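Sequence order for the protein chains is A and B. Taking this note's numbering as reference, the numbering of the first sequence is continuous, increasing by one, and the terminal residue is 989. Taking this note's numbering as reference, the numbering of the second sequence is continuous, increasing by one, and the terminal residue is 989. A short worksheet on the structure shown next.
There are 2 protein chains.
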Amino acid sequence: MNGTNSPRVDDNELALLTDLYQLTMTQAYWKESMQERATFSLFFRKMPPNRRFMLACGQQHAAALLSRLRFGDEAIDRLAGTGLFDPGFLDWLGDWRFEGDIWALTEGTPVFANEPLLEVDAPIAHAQLLESLMMNLVQLETVLASKAVRLVMAARGRPVVDFGMRRMHGVDAAVRGVRAYRTAGLAGTSNVLGGLRHDLAINGTMAHSYILAHDDEREAFRAFARHYPGTTLLVDTHDTLEGVRKVIEIMRDEPKLGVKAIRLDSGDLGELAKGARALLDEAGHDDITIVASSGLDEHKIAALIEDGAPIDAFGVGTQMGVSADAPVIDLSYKLVEYAGTPRVKHSPGKINLPCRKQIYRQVDAQGRYVGDIIALRDESGISGEPLLRPLVRAGKLDDDEMARADDARERVTDAIERFPEDIRHLAEGESAYPVELSPGLERLQSRT
Amino acid sequence: MNGTNSPRVDDNELALLTDLYQLTMTQAYWKESMQERATFSLFFRKMPPNRRFMLACGQQHAAALLSRLRFGDEAIDRLAGTGLFDPGFLDWLGDWRFEGDIWALTEGTPVFANEPLLEVDAPIAHAQLLESLMMNLVQLETVLASKAVRLVMAARGRPVVDFGMRRMHGVDAAVRGVRAYRTAGLAGTSNVLGGLRHDLAINGTMAHSYILAHDDEREAFRAFARHYPGTTLLVDTHDTLEGVRKVIEIMRDEPKLGVKAIRLDSGDLGELAKGARALLDEAGHDDITIVASSGLDEHKIAALIEDGAPIDAFGVGTQMGVSADAPVIDLSYKLVEYAGTPRVKHSPGKINLPCRKQIYRQVDAQGRYVGDIIALRDESGISGEPLLRPLVRAGKLDDDEMARADDARERVTDAIERFPEDIRHLAEGESAYPVELSPGLERLQSRT
């Protein structure tokens, strides 16, 4: 098993991370000389029950990776070993480079059901080869960003920090997820590699084990604060308010330790924060802030704030790390056009929108978003801001679009605030924000 | 962004995938010369609401990786860049090799709340450095195996195949998850890299896009079956039973195509399977089997079988791929002993079991499991099969234990069948299977 216990997936193996049928269908297209251009649309059919919008994320990130996807020699050898593929096809696959176009929402754009997050226009085999990995990459970041932004909204300006690496689904989710968190507006992460890679501040406090390994809590606080002046001390190992008193004592003895914050990680966080705040203030430490963690989600954070709990920052892990109340979206990557003609599967009760499309976000005179129109991409006369932008052209990544994705974090808050207030509600329910079809798309859809 | 869009995490970066406090606490232990041995216990406090047992998975896999974890030069440089660490400590970290012991359940062992999945005994800094990544790795495989085994149980001997790669959380979950699926007894996967790496059969059918890209469904079937004699054809793109009739026609014209199966992927799967079966049988094709997919979970599979649906194999994706009804377990890695003395955090309403432990699984005369006893590891006089086995000793992996993990798949079904019937029920609820504390552990716990 030694060969397989590393979670490393090299770039030259990544093309094998696909569903087998993508490769067998691609070989079939190759054998049948089917090389016409196809359009595939990536979208989800319905909002998850606990989301009023999704924050599209991962499209630029995935496109950057997929536009340079290759089947390396070792990948080709392993496919040859399956006995399913002709040598001629494997030669073609070894030379394959993505030659198509990708139009995509910029990361950090709020998106609703049936709106394409991206569309791929390419010779059919090229578009098919991207499907499985594109879906995996875009879904992960979109699911995590869409959950994280709810925590940011709930905290109403107070910093929210990711503590969830240990309970995320594997190594890649833990690293790449931090990118989604950055876009969503988190203030920091405890995850060292994720923070370093994706340029989010790395934060850390201490664990109960550090306190327990010392015979005396006060000595543990003093030792840690001497190693790290200006640190955050975890006060709830034995008795929270006793812990706060010990922090006050070590600060009285050695003010230069400059303890910056205390952290509560169990019990009734609201009551304990009030008690801790009173003790700290009474001792003249109104500059020491209070960080709370322990099974928090957006509803608990909103309730704590509503209740006036004097908590200055929140650490969140488990619920956010897997987006526990909506860990998956029903993402589809559907063929919508081939050889210039619309193609849609007949699915009773399901909407399948044919052809290449554009989304127009309507803006009123005050700059507020008042509704989306999904239209045919080349349909004229539709007002509003077009949301799908060319990201890859003939296999080449657009550098400006990539740079826009890097700045996504700066635009998210503004974008969300321009929507009607009900998309920002945390309670279960649907937003009344209207998403409509254009006349052209409506006509085409009823025809196909 | 080009430097960071690959999901590759090299082995020499992997040590940075941790929470910052693990590194700051470790430096604090180093500065304080705290080198006594500590025991940390990995367990979960309560069963998720929809699980009657969890299938422990990933411990051997994680131990193999963690026993050779290193902070490479680049990792050390990046840590130096944070300004938090002393040069002397970074030298120590660069030379660090795990020197401790790990006792663990063999993968594929059913496990219940408060039972350790593994325990690490090591100088405290060593045990602390494993925490975050160990939790991430073990949780993922345990969560996925525990969901997958429910689908296997629901299918009552019919093959269950993983189609979920596209909706799993990132690259690592998609690859490593297949290992958990293999342990849980899945028959195959559509995931090429996952199947190749973790030795599970790779299966594939075709997508609606292939049918839609052809002008005629019958011609699409014929072309695909000629490329792949003995294949599975997807019959529901336009009208399922019409699709079945077309399969019968192409088989009448060219029997050597040897179509092996048809796949249903939408609509009322039970009714359509009955209709398809009748058409196939009437045409003399009782050897063509029926594969069903489309939003399946264990409850839908059980209901289809209960209803007599003539479905021979199931393809499952979304619900299984993220373990949607229980995507996370409340896994803890707690210090339980340091310098030879028990250490536990005081947590009202929570059980924290001190010291090194062993789990004994009691067997009756018929070989049935009748209850577990969690005991102190060196407590004598407890009958039953000891479940925690030495896997790493002084940093060295035990090859026999690793080999046992490779065979886990073969033991899972037998193990599950030896439990009382109620652990195999799929409905929400708790099993009455008793998990008790030994007299020695009970005494120690009430004392600490």
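Here a beta-carbon is modelled for each residue, glycine too, at the ideal position from N, C-alpha and C. Please read all numbers here as calculations on a predicted model, not as lab measurements.
CB contact below 9 angstroms: residue i versus chain B
i	result
PHE704 (chain A)	yes
ASN543 (chain A)	Caution applies to ASN543 (chain A), whose pLDDT of 35 falls short of 50 and renders its modelled position unreliable; the value that the coordinates give is listed next. Yes, its Cβ sits closer than 9 angstroms to a Cβ of chain B.
ASP713 (chain A)	yes
SER834 (chain A)	no
LYS688 (chain A)	no
SER987 (chain A)	no
PHE855 (chain A)	no
PHE594 (chain A)	no
TYR901 (chain A)	no
Separation of residue j from residue i, as counted between CA atoms
i	j	result
GLU758 (chain B)	PRO883 (chain A)	16 angstroms
ASN553 (chain B)	GLU942 (chain A)	32 angstroms
ASN543 (chain A)	ILE617 (chain A)	Bear in mind that a pLDDT of 35 at ASN543 (chain A), under 50, signals an unreliable position, so the number given afterwards is only what the model happens to contain. Their Cα atoms are separated by approximately 22 angstroms.
ALA721 (chain A)	LEU753 (chain B)	34 angstroms
HIS840 (chain B)	HIS602 (chain B)	30 angstroms
GLY585 (chain A)	GLY784 (chain B)	The question names Gly, but residue 585 (chain A) is Phe in the sequence shown. Whole-angstrom Cα-Cα distance: 26 angstroms.
GLY890 (chain B)	GLN986 (chain B)	14 angstroms
ARG738 (chain A)	GLN563 (chain B)	18 angstroms
THR559 (chain B)	TRP637 (chain B)	15 angstroms
LEU872 (chain B)	ARG950 (chain A)	31 angstroms
TYR769 (chain A)	LYS801 (chain A)	10 angstroms
LEU631 (chain B)	PHE612 (chain B)	9 angstroms
ASP866 (chain B)	ARG793 (chain A)	50 angstroms
ALA843 (chain A)	MET861 (chain A)	15 angstroms
ARG593 (chain B)	PRO868 (chain A)	21 angstroms
PRO548 (chain B)	THR567 (chain A)	25 angstroms
VAL788 (chain B)	GLY698 (chain B)	27 angstroms
VAL776 (chain A)	LEU813 (chain A)	11 angstroms
Residue-chain proximity (residue i, chain A), Cβ-Cβ < 9 angstroms
i	result
SER888 (chain B)	yes
GLY981 (chain B)	no
GLY613 (chain B)	no
GLU672 (chain B)	yes
ILE665 (chain B)	yes
PRO590 (chain B)	no
ARG707 (chain B)	yes
Residue i vs residue j beta-carbon contact at 9 angstroms
i	j	result
THR647 (chain B)	ALA604 (chain B)	no
ALA695 (chain B)	ILE846 (chain B)	yes
LEU928 (chain A)	GLU656 (chain A)	yes
ALA824 (chain B)	ILE852 (chain B)	no
HIS749 (chain B)	THR778 (chain B)	yes
LEU681 (chain A)	ALA714 (chain A)	yes
ALA645 (chain B)	ARG930 (chain B)	yes
SER921 (chain A)	LEU561 (chain B)	no
TYR874 (chain A)	MET675 (chain A)	yes
THR580 (chain A)	ALA668 (chain A)	yes
Counted within 10 angstroms of its Cβ, other Cβ atoms place residue i as buried (16 or more) or exposed
i	result
PRO796 (chain B)	exposed
PRO628 (chain A)	exposed
LEU557 (chain B)	buried
ALA935 (chain A)	exposed
LYS886 (chain B)	buried
SER673 (chain B)	buried
PRO535 (chain A)	Given a span of 542 to 989 for chain A in the structure shown, any question on residue 535 (chain A) remains unanswerable.
PRO895 (chain B)	buried
GLU969 (chain B)	exposed
ASP806 (chain A)	buried
GLN600 (chain B)	buried
SER979 (chain A)	buried
GLY856 (chain A)	buried
ASP662 (chain B)	buried
Residue i Cβ short of 8 angstroms to the ligand MN heavy atom set
i	result
THR683 (chain A)	In the structure on display, the ligand MN does not appear, and there are no ligands present to speak of.
ask   = Name the residues in the region 555-575 of chain A whose C-beta lies less than 9 angstroms from a C-beta of chain B; which are they?
value = So the close ones are LEU555, ALA556, LEU557, LEU558, THR559, ASP560, LEU561, TYR562, GLN563, LEU564, THR565, MET566, GLN568, ALA569, TYR570, LYS572, GLU573, MET575.
message = Please identify, using Cβ separations under 7 angstroms, the residues of the region 725-736 of chain B that lie next to chain A, in order along the chain.
response = Listed in sequence order: SER731, ASN732, VAL733, LEU734.
query = Using a beta-carbon distance cut-off of less than 7 angstroms, what residues from the region 778-809 of chain A approach chain B?
reply = Going along the region 778-809 of chain A in chain order, one finds THR778, HIS779, SER807 with a Cβ nearer than 7 angstroms to chain B.
query = Going along the region 642-653 of chain A in order, which residues come within less than 8 angstroms of chain B, judged by CB to CB distance?
reply = Taken residue by residue, none of the region 642-653 of chain A has a beta-carbon sitting less than 8 angstroms from a beta-carbon on chain B.
query = Along the region 944-957 of chain B, what residues have a CB closer than 8 angstroms to any CB found in chain A?
reply = From the region 944-957 of chain B, only ALA946, ASP947 have a Cβ closer than 8 angstroms to chain A.
key: Against chain A: residues of the region 741-766 of chain B by CB proximity under 7 angstroms   = Per Cβ criterion, the list reads ILE743, ASN744, GLY745, THR746, MET747, ALA748, HIS749, SER750, TYR751, LEU753, ALA754, ALA764, PHE765.
query = Looking at chain A, which residues of the region 912-938 of chain B have a Cβ within less than 8 angstroms of any of its Cβ atoms?
reply = Of all residues in the region 912-938 of chain B, none has a Cβ within less than 8 angstroms of some Cβ in chain A.
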